[in-house]
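Encoded as structure tokens, the structure appears first; notes follow it.
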Amino acid sequence: MAKSKLVKANEKIAESVVEGYKKIENGIVGGYKKMEDGVVGGFTKITDKFVDQFLTHDGESVEDAKKRLAREQAEREGKES
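All the letters of the sequence shown, read from the start, carry residue numbers 6 to 86 under our numbering.
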């Protein structure tokens with residue numbers, strides 16, 4: 006059975022709407038991800054600088070200091086339970 010012109014036109018419109026929606030969705034999600042990466046990256050830089058300046062011991066790297074601090078926090082939480 007042949008499709009009527011109305012059904013074909015309706016399908017074409019539906020495809021265009023879905024395609025447009027996907028473009029908008031991808032643009033918004035992409036923008037959000039870029040913003041999120043920027044915020045997380047900025048926060049990480051700030052925390053690294055703070056740890057480096059105030060919480061590292063002599064000769065200790067920032068990464069080692071963060072691990073030590075996390076371990077100490079876990080120990081404190083374990084004792085409080």
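Glycine is no exception: its CB is placed at the ideal position from the N, C-alpha and C atoms. Just so we're clear, the structure is a prediction, and the values are computed from it rather than from any experiment.
Fully contained in the region 23 to 86 are the following alpha helix (DSSP H) runs of length 4 or more, in chain order: 67 to 85.
With a cut-off of 8 Å on Cβ pairs, the region 76 to 83 is not in contact with the region 60 to 68, counting fewer than three such pairs.
Taking C-beta separations shorter than 8 Å and ignoring five residues to either side along the sequence, Met40 has no partners in its chain. Judged by DSSP in its simplified three-state form, Lys17 adopts helix.
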